[in-house]
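Have a look at the structure below before the remarks.
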Amino acid sequence: MKTKKILFANFPADGHFNPLTGLAVHLKNIGYDVRWYTGRKYEEKITNLGIPYYPLVNAIDFSAGNPEEMFPEREKCKSQVSKLQFDIKNVFLLRGPEFYQDIKKINEEFDFDLLIADITFTGIPWVREKLKKKVISIGIMPLSETSKDLAPNGLAITPRTSFWSRRKQDVMRVFADKILFGESSKLIKNMFNQYGIKQEKGNLFDVLYRKSDLVLQSGTPGFEYKRSDLGRNIRFIGPLLPTLKNTKVTFKHHAKALAYEKVILVTQGTVETDPEKIIVPTLEAFKDSDRLVIVTTGGSGTAELRARYPQPNIIIEDFIPFSEVMPLADVYVTNGGYGGVMLGIQHKLPLVVAGVHEGKNEICARIGYFKLGINLKTETPTPQQMRLNVEQVLANPVYKKNVTQLSEEFNLYNPAALCAKYVADLIGKPVATGTTPESKMPNKAATEVEKMAVVE
Numbered sequence: 362m363k364t365k366k367i368l369f370a371n372f373p374a375d376g377h378f379n380p381l382t383g384l385a386v387h388l389k390n391i392g393y394d395v396r397w398y399t400g401r402k403y404e405e406k407i408t409n410l411g412i413p414y415y416p417l418v419n420a421i422d423f424s425a426g427n428p429e430e431m432f433p434e435r436e437k438c439k440s441q442v443s444k445l446q447f448d449i450k451n452v453f454l455l456r457g458p459e460f461y462q463d464i465k466k467i468n469e470e471f472d473f474d475l476l477i478a479d480i481t482f483t484g485i486p487w488v489r490e491k492l493k494k495k496v497i498s499i500g501i502m503p504l505s506e507t508s509k510d511l512a513p514n515g516l517a518i519t520p521r522t523s524f525w526s527r528r529k530q531d532v533m534r535v536f537a538d539k540i541l542f543g544e545s546s547k548l549i550k551n552m553f554n555q556y557g558i559k560q561e562k563g564n565l566f567d568v569l570y571r572k573s574d575l576v577l578q579s580g581t582p583g584f585e586y587k588r589s590d591l592g593r594n595i596r597f598i599g600p601l602l603p604t605l606k607n608t609k610v611t612f613k614h615h616a617k618a619l620a621y622e623k624v625i626l627v628t629q630g631t632v633e634t635d636p637e638k639i640i641v642p643t644l645e646a647f648k649d650s651d652r653l654v655i656v657t658t659g660g661s662g663t664a665e666l667r668a669r670y671p672q673p674n675i676i677i678e679d680f681i682p683f684s685e686v687m688p689l690a691d692v693y694v695t696n697g698g699y700g701g702v703m704l705g706i707q708h709k710l711p712l713v714v715a716g717v718h719e720g721k722n723e724i725c726a727r728i729g730y731f732k733l734g735i736n737l738k739t740e741t742p743t744p745q746q747m748r749l750n751v752e753q754v755l756a757n758p759v760y761k762k763n764v765t766q767l768s769e770e771f772n773l774y775n776p777a778a779l780c781a782k783y784v785a786d787l788i789g790k791p792v793a794t795g796t797t798p799e800s801k802m803p804n805k806a807a808t809e810v811e812k813m814a815v816v817e
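As structure tokens, this is what we get:
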């Protein structure tokens, strides 16, 4: 029997690409023929993993810029709702047929058995129904499927259980369907009719869940709101973390960190380059204090920040090896990128989070709801806000207790092994006589090549 073939694909953005890398490497190592279709920004990373790469041809490559550059008309959207509506249509939905045209061409030379894509990859319905392929979607953000038990996704409203609160949520879901998703839902219907694709109820993101054979959700039930109507094709797999970058980055300040009673780790991920949002308020709050502040900038403005904050209790680096630094830290300050939050929880770090856009509000809302830390509900906290809330997290043991319990839940899952099992159940083992060698099955969520600096 021929070797089973898997095509990976993702919306071309870091937070959609990075979590899939560990899984791709693992499936390659156990014998599947793995290839990848995405933006040019990731070509070198993919080929360095020993995986053949296919570029976006018909589809717009968002990794080459940002929506404002590619869609100047987006600037006319004054409200968050209008921006979200614009992005759903132009950034995601309209790209679906373009992804399909590219993958249809790829399939002529690489007749794959399975597509593995992040849950926002809008080519999923076309690949599954027009090319008749099996599809596994990877949940690289909190569950966004509509639930009768919750407010609409995207508003960062935590669950309410009283009768009137639930009725309010019911009304909000109707409002979201009619107003927020109304135009895009009509467009989906027209596009599916044009291509002969079976209609599904719900908004764009509901459709992507229902058009997938399986949805493998990064994380565990302990970091998700309870739902009585959880999709039957959804499986939790534990924190799916990226294959870490093969660099020689080491942390040279280990002894200094041990000399401080409390250590604050601060990052804004790799995408947000404005240090005034989180980094500067934290530095202003704790400069010349008895707290050690370790900042990783992702390579943006490091020299300028060092000149601005020369205090002895401040360390500012382009990149740091998180696996070395997180065990030394006592609190993690971040804008709430899903991968970074998963990594922080895994290292039992309580959090202070300040993120709103690109879906980070939903991640931050869960951190506050489950008391894993404090959600500042803003992207621009003041130094006073930062100081008060970081000190509260350090002083109140409930945050450390809760994040430790969730970390222990994380450890009950072997993401690589679970994913390999679900893949084999769907399309079979890598080859006719193939097995899954235990020696190649990492215990952690992804294969660590060496150390990496910033996780988005």
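In the numbering used here, the protein residues as written are 362 to 817.
Ideal Cβ placement from N, Cα and C applies to all residues, glycine included.
- The Cβ atoms of K495 and L710 lie no closer than 8 Å to each other.
- Between I499 and L577, the gap from beta carbon to beta carbon is short of 8 Å.
- In the three-state reduction of the DSSP assignment, A425 falls in the helix class, which pools H, G and I.
- By the neighbour-count criterion, in which a residue is buried when 16 or more other Cβ atoms sit within 10 angstroms of its Cβ, K547 is exposed.
- Looking at the backbone, the Cα of V792 and that of I677 are separated by about 48 Å.
- Comparing alpha-carbon positions, the option among V627, L388, E665, Y393 lying closest to M362 turns out to be Y393.
- Per DSSP, the continuous alpha helix (DSSP H) segment holding F771 begins and ends at 758 to 771.
- Between G705 and G630, the gap from beta carbon to beta carbon reaches 8 Å or more.
- In this structure, the beta-carbon distance from V692 to I625 falls below 8 Å.
- A residue is called buried once 16 or more other Cβ atoms fall within 10 Å of its Cβ, and I449 is buried on that count.
- For E459, the enclosing alpha helix (DSSP H) begins and ends at 457 to 470.
- With fewer than 16 other beta carbons inside 10 angstroms of its own, P671 counts as exposed.
- R521 carries a coil assignment under DSSP once its states are collapsed to helix, strand and coil.
- For P416, the three-state secondary structure derived from DSSP is strand.
- V568 is classed as buried because its beta carbon has at least 16 other beta carbons within 10 Å across all chains shown.
- By alpha-carbon distance to A726, the top candidate from A778, P520, K550, K617 is P520.
- Closest option to R571, judged by alpha-carbon separation, among I480, I540, R669: I480.
- Within the DSSP bridge table, the entry for A370 names Y398, A478 as partners.
- The region 735 to 747 makes contact with the region 640 to 656: 3 or more CB pairs, one atom from each, lie closer than 8 Å.
- Counting along the chain, S498 sits inside the beta strand (DSSP E) bounded by residues 495 to 500.
- No residue range can be given for Q672, since it is assigned to no beta strand (DSSP E) and is classified by DSSP as neither H nor E.
- DSSP places T741 in no alpha helix (DSSP H); its state is neither H nor E.
- The alpha carbon of Y398 has as its nearest neighbour, out of N371, A385, E405, the alpha carbon of N371.
- Take the alpha-carbon of Q530 and the one of K509: they are about 8 Å apart.
- Taking a 10 Å sphere around the C-beta of F524, we find fewer than 16 other C-beta atoms and assign the residue as exposed.
- Membership of I549 in the alpha helix (DSSP H) is indicated by the continuous run 543 to 556.
- Taking 8 Å as the cut-off, the beta carbon of P373 is found no closer than this to the beta carbon of S579.
- Secondary structure of Q560 (DSSP, three-state): coil.
- Taking the Cα of W487 as reference, the smallest distance to any Cα among G457, I407, A512, M502 is reached at G457.
- The three-state secondary structure of L644, taken from DSSP, is helix.
- Within its own chain, the residues whose Cβ lies closer than 8 Å to the Cβ of Q753, once the five positions on either side in sequence are excluded, are I735, listed in chain order.
- For R489, the uninterrupted alpha helix (DSSP H) run begins and ends at 485 to 490, by DSSP.
- Only buried fits G716, as 16 or more other CB atoms lie within 10 angstroms of its CB.
- The continuous beta strand (DSSP E) containing V714 extends over residues 712 to 714.
- Around the CB of L619, fewer than 16 other CB atoms lie within 10 Å, so the residue is classed as exposed.
- With contacts defined as CB atoms closer than 8 Å, G700 and G376 qualify as a contacting pair.
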